[in-house]
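Visitor:
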DNA sequence: TTCCTTCTGTACCGTACGGTACGGTACGCT
DNA sequence: AGCGTACCGTACCGTACGGTACAGAAGGAA
C-alpha cells in the first residue's frame, strides 16, 4: 500500500485553458467563494483585471463561465492513488482511511462548498449540477471502487456491487456534514478530526463488509 | 410499538398564518417547486390571486416570504411518534424502520428538495439555511433520539452520544441520495424502495450499535 | 346611507446586472 | 513601417425585478 497523487482529470494537467485564462478563473473562483451565486460579470472582470468583452469571448456567457470554473477547479483537485499489487486486510483499511480523509477534506473545503452551492442553486435550469456530480461524486466512486474490488477479489470484503459498498462508505464518512455546511452551518474540521473520522468510518465499514 | 402522527411544530396545528395566508403560501410553495430560486413576487401574486402590496404587508419582503414558506411547510410535515413503554430489540428495529422510511420520504420529496435548494442558494447572505436546518435535520434528531436512548436504557444499544448514533443512522439511510437530488439528478424512489432501504439501514445500524 | 378596513389589480420607479460596442494599447509578424 | 490580433477599460443598452403608490371593489359596523 503506497504511493502518490494523481490529477483528477487527465494525466498531465492538460486543461483546455491557457495560463491567462487560468488566472482569470482563479480570480473568479475566489470571488465565488466570497459572494456565492450573486457573483457578477463586472466583479469578475474587475477582480481578474480583464475586460468583460474578454470574458464573453472566452466563456460565452455567465453560465459558460461558471461551468469553466467548475472544470478548472476539478482539473486541480488531486486524490491519492493506491497500489493494489500486495493487498491485505490492513492495506484495505489504510486505503479506505487515506481515501476517506482526502474526500472529506475536499468536501468540507470552502471551494467545494461554494461550487456545490451554485450548482444546486442553478440545478433547475442548468446542467451545472450534473457537471459537478460528474467531476465530484462520480469521479470519486471511480477512484475507490478498484480498491473495494481488489479487496473482494482477495476474499477480504463481501458485497454485491461496489457501487452499493461505495455509497455505504460515503454515508458513514460524510453523514450530514456536507448538507449542514451547504446550509451555512459553520463546521470547522481540523485535519486531525478529519483523519480520525475517516478512520472511524473505515472501521465501521469493515464491520459491515469484511468477510 | 405503536401509534400515530404528530405535527412537527406545535401541538394543535396552530400556526402564525391565517387561512388566506396559508392559501397564498401554498401557491408560493407550488411555484417554488416549479421555478426554484428565481421565483418572483409578481409570479407569486399572480398565482395566488393577491396583490403585491398584500404580499409586502404580510411578509415584509422577499426574504420574509421565503422564510414564511419554509415555516408554513414545516408546520404541515408530520412524523410518526413511537411508544417506548414496552421496548425490545424488535421494537427498536421497527422504530428505526418507520422513522427512517418517513425521513427518506420527506427528504426525497419535491418540496423538500426545492426548499433546501433555495436555502442553500441563499445561505451566504441569509439565515434561511439555519431555519431549514432547525425545522428539518435538527427537529428530526429530536424525534429519533428518545428511541435511541430508550434502547440504550434497555441495554439493547450501546453508544456514547445519541447525537453520534443519530448521525450514523442518517448517513446509512440517506447516503448521497439527498445531495444528488439537490444537484438535479432525477432519482425516483418508490415507497417500496424507500421502505426496503430504511430496513437495510436499520439492519446495518443494529450491526454497529446493538449490544 | 356613510365611513372604515382590507384586499385586488395595475401602473410606476429605481436599480442591478447580463450582454454589447467601441476606442485605445501592446505586441507580434511580414 | 504597416497591419492584424488580442486584450483592457469604460460607456452604454435593454430588461427583469424588488419594492411603492394608488384607485377602486367588497364587506362589515353604525
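Residue numbers (our numbering), protein chains in the order written: chain A, 849 to 1059; chain B, 849 to 1059. C-beta atoms are modelled at their ideal positions from N, C-alpha and C, and glycine is treated no differently. Keep in mind that this is a model prediction, so the values were computed, not measured.
1) Let me see if you follow: with CB-CB separation under 9 angstroms, is residue 948(B) close to chain A or not?
2) Enumerate in chain order the residues of its own chain whose CB-to-CB distance from residue 860(A) is below 7 angstroms, with the five nearest sequence positions on each side excluded.
3) Closer than 7 angstroms, Cβ to Cβ, to anything on chain B: give me those residues from the segment 959-972 of chain A, in chain order.
4) Can you confirm whether the segment 1032-1049 of chain A touches the segment 976-993 of chain A when touching is taken to mean that 3 or more C-beta pairs between the two stretches lie within less than 8 angstroms?
5) Return the bridge partner residues of residue 951(A) from the DSSP annotation.
6) Output the distance between the C-alpha atoms of residue 1049(B) and residue 1021(A), rounded to the nearest integer angstrom.
7) Under the three-state reduction of DSSP, which class applies to residue 927(A): helix, strand or coil?
8) Would you say the segment 879-886 of chain B touches the segment 936-956 of chain B, given that touching needs at least three Cβ pairs under 8 angstroms?
9) For the alpha helix (DSSP H) containing residue 977(A), name the first residue and the last one.
10) If the criterion is Cβ atoms closer than 9 angstroms, does the pair residue 1035(A) and residue 959(A) meet it?
11) Determine the burial state of residue 965(B): buried for a count of at least 16 other Cβ atoms within 10 Å of its Cβ, exposed for fewer.
12) Under a CB-based cut-off of 9 angstroms, is residue 1024(A) close to chain B?
13) Could you say which of 880(A), 919(A) and 908(A) lies nearest to residue 983(A) if we only look at CA atoms?
14) Would you call the segment 894-903 of chain A in contact with the segment 870-881 of chain A, where contact means no fewer than 3 C-beta pairs closer than 8 angstroms?
15) What in chain A is Cβ-close to residue 921(B), meaning under 8 angstroms?
16) Give a yes or no on whether the minimum CB-CB distance between residue 909(B) and chain A is below 9 angstroms.
17) Judging by CA-CA distance, which residue of 877(A), 954(A), 1001(A) and 1014(A) is the nearest neighbour of residue 1026(A)?
18) Measuring only between beta-carbons, confirm whether residue 1055(A) sits less than 9 angstroms from chain B.
19) Chain A beta carbons: is any one of them nearer than 9 angstroms to that of residue 854(B)?
20) For my contact list, residue 977(A) and residue 1031(B) are in at a C-beta cut-off of 8 angstroms; report their separation, rounded to the angstrom.
21) Which whole-angstrom value is the C-beta distance of residue 907(A) and residue 897(A), which I expect to be below 8 angstroms?
22) Would you say residue 898(A) reaches chain B, if we count a Cβ-Cβ gap shorter than 9 angstroms as a contact?
Guide: Put simply:
1) no
2) With a pLDDT of only 38 at residue 860(A), under the threshold of 50, the placement of this residue in the model should not be trusted; the figure read from the coordinates follows. Closer than 7 angstroms at Cβ, skipping near neighbours: no residue.
3) 965, 967, 968, 969, 971 and 972
4) no
5) Residue 951(A) is not bridged to any residue.
6) Counting only the Cα atoms, residue 1021(A) lies some 15 angstroms from residue 1049(B).
7) Three-state DSSP puts residue 927(A) in a strand.
8) no
9) 976-981
10) no
11) buried
12) Chain B has a Cβ within less than 9 angstroms of the Cβ of residue 1024(A).
13) 919(A)
14) yes
15) Chain A residues near residue 921(B): none, gap ~15 angstroms exceeds 8 angstroms.
16) no
17) Checking every option, the nearest Cα to that of residue 1026(A) belongs to 954(A).
18) Closer than 9 angstroms to some Cβ of chain B, the Cβ of residue 1055(A) qualifies, so yes.
19) Bear in mind that a pLDDT of 47 at residue 854(B), under 50, signals an unreliable position, so the model cannot answer this.
20) 4 angstroms
21) Going by Cβ atoms, the distance from residue 907(A) to residue 897(A) rounds to 16 angstroms, so no, they are not a contact pair.
22) no
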